[in-house]
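Residue numbers (UniProt numbering): 1 to 495.
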């Protein structure tokens with residue numbers, strides 16, 4: 001592993017060579033809530049479990065204060081956010097919408113409805129009552145100021161002058177306040193400030209005639225503009241976050257370990273099971289480091305086969321959802337690869353027809369979209385085999401070949417259905433080739449391209465995408481926790 005910075009840079013280069021892509025994260029889908037943000041909205045930080053504790057401590061019990069526990073918990077929330085930004089290049093915050101029919105949504109909708117009803121009632125009075133409107137205009141002013149950049153000095157001054165609270169109060173007292181004119185001013189200003197993606201919303205606001213609905217739309221758009229500004233800022237400072245996140249995550253994890261009896265219990269078992277069973281010949285620091293690297297490679301691959309009901313190792317728990325998603329994608333790739341090889345043996349005339357392989361791949365991807373294991377595959381395999389047979393015969397006819405005879409048809413159907421069974425020879429072969437490709441990539445000390453395994457050229461785009469994501473997770477994790485991994489192996493070797 002050597003110097004962490006150098007190792008991390010090399011990993012980034014290999015990730016680019018692997019052609020990986022990353023998926024967008026939605027923090028509103030999460031199960032663990034973070035701290036309140038400055039504007040009162042709660043950012044939700046997704047993780048599927050907290051750092052696990054072992055039932056049997058490997059060290060004497062520790063006594064910690066409630067203050068220490070709370071501090072560690074808050075640190076973990078910050079750690080989750082920093083980690084998300086570091087490992088997901090497309091990370092962005094999205095608006096948190098409570099689930100339909102939830103108590104939270106009902107309370108929120110009731111309060112919002114009451115506010116807008118009161119505003120409408122006050123504006124309909126004769127003369128109009130602007131007490132609620134003054135509060136609204138002040139909120140809008142603060143919202144506009146919050147999405148202005150420091151260099152927007154003239155625009156900021158304009159907002160302060162036009163939406164000056166004392167000036168508006170004087171207009172109310174004099175009976176000269178034109179509420180609609182303020183709406184037009186705000187919409188015009190927002191049109192200059194917001195991202196192009198919000199232009200349609202601006203157009204909708206300009207076409208509205210009901211003043212209450214207009215201001216309701218203005219506040220909704222302001223919320224989106226704040227979100228745009230936050231995401232813009234995140235992308236702007238992301239390189240700096242990545243540069244410092246390794247040390248930051250290391251420090252926060254250290255604080256977490258300080259309040260645990262044994263915060264590495266599962267990690268220790270996970271890593272040590274991949275050490276060679278024979279006696280280690282080289283117990284020097286360099287030898288231990290090489291041993292750790294080899295064990296880690298196999299350990300990371302094991303995460304792609306981790307039992308659903310088993311807690312993840314503490315050092316990789318923040319990425320559990322990502323590893324489990326990659327595991328499903330690897331499973332899908334394995335099934336598709338196995339079926340393509342079987343089809344090639346039954347219809348050799350189509351081996352050189354790239355369009356046929358793409359058709360089969362596309363249909364299989366559709367069938368497999370909701371399938372995660374062999375048990376689920378067995379329930380769909382009959383329909384899959386019928387579709388594959390149809391694809392084969394359609395392609396044979398379109399390319400001037402005869403359809404499969406009855407004997408070959410039966411062989412193809414039987415072979416495709418057998419893919420859903422455990423320990424299927426072709427399926428295991430494809431799985432092995434994929435795992436070897438992943439292992440070779442994450443263990444490579446350079447960014448040199450890795451040869452796509454035989455028989456998987458049709459799946460190259462999917463394979464490189466999976467590999468890129470896998471490499472990104474592994475690289476970051478290795479950079480953060482390498483010292484812990486080396487200590488674990490060193491302690492085991494010295495016994």
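For every residue, glycine included, the Cβ atom is placed at its ideal position computed from N, Cα and C.
TODO: Please classify residue 315: does DSSP put it in a helix, a strand, or coil?
DONE: Here DSSP, grouped into helix, strand and coil, assigns residue 315 to helix.
Open item on the list: Within 8 Å, do at least three Cβ pairs link the region 359 to 374 to the region 480 to 494?
Closed with: Verdict: no, contact absent.
- [ ] Under 7 Å Cβ to Cβ from residue 131, same chain only, skipping five residues before and after it: list those, please.
- [x] 122
Task: Contact check, residue 360 vs residue 388, beta carbons under 8 Å - done: yes
Open item on the list: Going by DSSP in three states, residue 100 sits in which element: helix, strand or coil?
Closed with: Correct three-state label for residue 100: coil.
Task: Cβ-Cβ separation, residue 334 to residue 521 (assumed contact under 8 Å), whole Å - done: Residue numbering for the chain in the displayed model covers 1 to 495; residue 521 lies beyond these limits and cannot be assessed.
- [ ] Label residue 190 either buried or exposed according to how many other C-beta atoms from any shown protein chain fall within 10 Å of its C-beta, with 16 as the threshold for buried.
- [x] So residue 190 ends up on the buried side.
Task: Backbone CA spacing between residue 495 and residue 81 [nearest angstrom] - done: 38 Å
Open item on the list: At 4 residues or longer, what runs of the alpha helix (DSSP H) sit wholly inside the region 374 to 449?
Closed with: 374 to 398, 406 to 418 and 425 to 443
Task: Environment of residue 249 [buried if 16+ CB atoms lie within 10 Å] - done: buried
Open item on the list: Can you list, in chain order, the residues of its chain with a C-beta nearer than 8 Å to that of residue 212? Leave out the 5 residues immediately preceding and following it.
Closed with: 116, 119, 120 and 123
TODO: Going by CA-CA distance only, name the one from 126, 379, 266 and 231 that's closest to residue 313.
DONE: 266
Open item on the list: Quick check on residue 464: buried or exposed, where buried means 16 or more other Cβ atoms within 10 Å of its Cβ?
Closed with: buried
Task: Inter-stretch contact (C-beta, 8 Å, three-pair minimum) for the region 214 to 229 and the region 181 to 188 - done: They touch, by the three-pair rule.
TODO: Tell me whether residue 379 is buried or exposed, calling it buried when 16 or more other Cβ atoms sit within 10 Å of its Cβ.
DONE: exposed
Task: Neighbourhood of residue 143 by C-beta distance below 6 Å, restricted to the same chain and skipping five residues each side - done: 222
Task: Neighbour-count burial assignment, residue 399, 16 or more Cβ in a 10 Å radius - done: exposed
- [ ] Name the residue from 344, 385 and 351 whose alpha carbon lies nearest to the alpha carbon of residue 363.
- [x] 385
Task: Span separating the alpha-carbon of residue 424 from that of residue 307 - done: 20 Å
TODO: Kindly indicate which three-state DSSP category residue 127 falls into: helix, strand or coil?
DONE: coil
Task: Three-state secondary structure assigned by DSSP to residue 256 - done: DSSP places residue 256 in helix when its eight states are reduced to three.
Task: Check whether residue 234 and residue 85 have beta carbons under 8 Å apart - done: Yes, they are a contact pair.
Task: 8 Å Cβ cutoff met for residue 426 and residue 338 - done: For residue 426 and residue 338, yes; Cβs fall inside 8 Å.
Task: Where residue 268 sits in the DSSP three-state scheme - done: Here residue 268 sits in helix by DSSP.
Open item on the list: So the candidates are 193, 176 and 181; which of them puts its Cα closest to the Cα of residue 209?
Closed with: Of the candidates 193, 176 and 181, 181 places its Cα closest to the Cα of residue 209.
TODO: Just confirm the distance between the C-beta atoms of residue 404 and residue 392, as a whole number of angstroms; I'd bet it's less than 8 Å.
DONE: 6 Å
Open item on the list: Helix, strand or coil, according to DSSP, for residue 228 in the structure here?
Closed with: helix
Open item on the list: When you compare the region 439 to 453 with the region 468 to 483, are there three or more beta-carbon pairs, one atom per stretch, that lie closer than 8 Å?
Closed with: yes
Open item on the list: Assuming contact is defined by CB atoms lying nearer than 8 Å, are residue 493 and residue 271 in contact in what I supplied?
Closed with: Not a contact, by the Cβ cut-off of 8 Å.
Open item on the list: Taking the alpha helix (DSSP H) that residue 159 belongs to, which residues open and close that run?
Closed with: For residue 159, the enclosing alpha helix (DSSP H) starts and ends at 153 to 162.
Task: Where residue 469 sits in the DSSP three-state scheme - done: helix
- [ ] Excluding the 5 residues preceding and the 5 following residue 172 in the sequence, name in chain order all residues of the same chain whose CB lies nearer than 8 Å to its CB.
- [x] 130 and 134
TODO: Pull up the CB-CB distance for residue 148 and residue 155, whole angstroms please, since I reckon it's below 8 Å.
DONE: 6 Å
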